[in-house]
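Peer 1:
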Amino acid sequence: MTFVPWPSLALAATLGVGSTLHCIGMCGGFSLMLTARGGHAWRRLLRFHLGRVATYSFLGSLAGSAGQRAAQSESAQRALALLAGGVMLALALHQFGVISRLVPARLAEVFRRATHRAAAGVRALAHGDGAVAQLLFGAANGLLPCGVTAAALGLAAASGSGLAGAAAMATFGAATLPALLLFARLGGRLALPWRARIGWLGALVTLLVGGITMWRGLQPVSNCCSHG
-16 MTFVPWPSLA
-6 LAATLGVGST
4 LHCIGMCGGF
14 SLMLTARGGH
24 AWRRLLRFHL
34 GRVATYSFLG
44 SLAGSAGQRA
54 AQSESAQRAL
64 ALLAGGVMLA
74 LALHQFGVIS
84 RLVPARLAEV
94 FRRATHRAAA
104 GVRALAHGDG
114 AVAQLLFGAA
124 NGLLPCGVTA
134 AALGLAAASG
144 SGLAGAAAMA
154 TFGAATLPAL
164 LLFARLGGRL
174 ALPWRARIGW
184 LGALVTLLVG
194 GITMWRGLQP
204 VSNCCSHG
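In this note's numbering, the protein residues as written are -16 to 211.
#1: When burial is assigned at 16 or more other CB atoms within 10 Å of the CB, is Arg30 buried or exposed?
#2: How would you write the range of the alpha helix (DSSP H) that Gly12 sits in, first residue to last?
#3: How would you write the range of the alpha helix (DSSP H) that Gly(-1) sits in, first residue to last?
#4: Which runs of the alpha helix (DSSP H) spanning at least 4 residues fall entirely within the region 115 to 160, listed in chain order?
#5: By how many angstroms is the C-alpha of Leu164 removed from the C-alpha of His23?
#6: Here's the rule I'm using: 16 or more other beta-carbon atoms within 10 Å means buried, otherwise exposed. How should Arg61 be labelled?
#7: Tell me the rounded alpha-carbon separation between Leu33 and Pro161.
#8: Between Ala46 and Ile7, what straight-line distance do the alpha-carbon atoms span, to the nearest angstrom?
#9: So, are the CB atoms of Met197 and Gly69 less than 8 Å apart?
#10: Taking the alpha-carbon of Leu76 as reference, which of Gln202, Leu201 and Val192 has the nearest alpha-carbon?
#11: Just to confirm my understanding: we take Ala135, look at its own chain, exclude 5 residues before and 5 after, and list those with CB closer than 8 Å. What are they?
#12: Skipping 5 residues on each side, what residues in its chain have a beta carbon closer than 6 Å to that of Ala149?
#13: So is Ser40 in contact with chain B if we call contact Cβ pairs under 8 Å?
#14: Just confirm the distance between the C-beta atoms of Ser(-9) and Leu138, as a whole number of angstroms; I'd bet it's less than 8 Å.
#15: Quick check on Gln202: does DSSP put it in helix, strand or coil?
#16: Please state the DSSP three-state secondary structure of His23.
#17: Label Ser58 either buried or exposed according to how many other C-beta atoms from any shown protein chain fall within 10 Å of its C-beta, with 16 as the threshold for buried.
#18: In this structure, does DSSP put Gly68 in helix, strand or coil?
#19: Using the C-alpha atoms, what's the distance from Ala(-7) back to Leu201?
#20: Rounded C-beta distance between Ala64 and Ala141? I'm assuming under 8 Å.
Printed below as a string of structure tokens:
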């Protein structure tokens, strides 16, 4: 059995790159908080993102292990891939603004408030000094509710093993780094028209990755889901 599920890693990397604007919206503010303090800003940023990717990898190992136990048959493996693809298609529709029109306003407000409170709790860790505090800050950030992270975890669950799931999530997290580091460098000075274009591009990429994942779920297991 090979321990490197290349198709899952490629899809995870594509999803990470495609979710650039979403990740900036979720994590960009934290990056700016770390750089605004001056002095060794890049060290703080790298520790923060190392903690974030470590959390993703841990969650990916759990998702991959759960998926491995659940997928004891060809139909179960296909179902996992179809579920992961379905989550990504739903996320793409949300990015296009379709889901927000269908979800009751009260439910959307409850989710927004819950996310805001969780982010406030994580933000409190930003003022800690030392490498451990910055690693913990990033690790807590990785636990924030996020649709893109949920979609990536779907890929991890369908990857075939705990190790493969951890690798997929580590790849996803690493793929988000260039945009977040660039955002921290620019200080959020990206023009609004370009932000909108990047947002649409990210939605298209998510749609593409979701479609490919669902297509893999429809293929014979020997060609799409097994890594042996």
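Ideal Cβ placement from N, Cα and C applies to all residues, glycine included.
Peer 2: In terms of the structure at hand:
#1: To locate residue 30, count along the sequence shown from 1; it is residue 47. Buried, because 16 or more other Cβ atoms sit within 10 Å of the Cβ of Arg30.
#2: Position 29 of the sequence shown holds residue 12. Taken as a continuous stretch (DSSP letters only), the alpha helix (DSSP H) holding Gly12 covers Gly12 to Ala19.
#3: Position 16 of the sequence shown holds residue -1. Here the alpha helix (DSSP H) through Gly(-1) covers Trp(-11) to Gly1.
#4: 130 to 140
#5: The sequence position of residue 23 within the sequence shown is 40, counting from 1. The sequence position of residue 164 within the sequence shown is 181, counting from 1. Going from the Cα of His23 to the Cα of Leu164 covers about 14 Å.
#6: Locating residue 61 in the sequence shown gives position 78, counting from the first residue. Classification of Arg61: buried, given that the 10 Å Cβ count is 16 or more.
#7: Taking the first residue of the sequence shown as 1, we reach residue 33 at position 50. Taking the first residue of the sequence shown as 1, we reach residue 161 at position 178. Rounded to whole angstroms, Leu33 to Pro161 spans 13 Å at the Cα level.
#8: What you label residue 46 is simply residue 63 of the sequence shown in a count that begins at 1. What you label residue 7 is simply residue 24 of the sequence shown in a count that begins at 1. Taking the straight line joining both Cα atoms gives about 25 Å.
#9: In the sequence shown, counting from the first residue as 1, residue 197 sits at position 214. In the sequence shown, counting from the first residue as 1, residue 69 sits at position 86. Going by C-beta atoms, Met197 is nearer than 8 Å to Gly69.
#10: The count along the sequence shown starts at 1 and reaches residue 76 at position 93. Minimum Cα distance to Leu76 is reached at Val192.
#11: On the sequence shown, residue 135 is found 152 positions in, with the first residue counted as 1. Only Ala(-5), Leu(-2), Gly(-1), Tyr39, Gly43, Ala151, Met152 and Phe155 meet the Cβ criterion.
#12: By one-based count along the sequence shown, residue 149 stands at place 166. Hits under 6 Å: Ser40, Gly43 and Ser44.
#13: Among the chains in the structure shown there is no chain B, since it carries only a single protein chain.
#14: Locating residue -9 in the sequence shown gives position 8, counting from the first residue. Locating residue 138 in the sequence shown gives position 155, counting from the first residue. The Cβ separation is near 6 Å, so the contact holds.
#15: Taking the first residue of the sequence shown as 1, we reach residue 202 at position 219. Of the three classes helix, strand and coil, the one that applies to Gln202 here is coil, per DSSP.
#16: Along the sequence shown, one-based indexing puts residue 23 at 40. Coil.
#17: Start at 1 with the first residue of the sequence shown, and residue 58 comes out as number 75. Exposed, because fewer than 16 other Cβ atoms sit within 10 Å of the Cβ of Ser58.
#18: Translated into positions along the sequence shown, residue 68 becomes position 85. The answer is helix: DSSP assigns Gly68 an H, G or I state.
#19: On the sequence shown, position 218 is the one that residue 201 refers to. On the sequence shown, position 10 is the one that residue -7 refers to. C-alpha separation (whole angstroms): 18 Å.
#20: Position 81 of the sequence shown, counting from 1, holds the residue named residue 64. Position 158 of the sequence shown, counting from 1, holds the residue named residue 141. Between Ala141 and Ala64 the Cβ distance is about 5 Å, and since that is below 8 Å, they are a contact.
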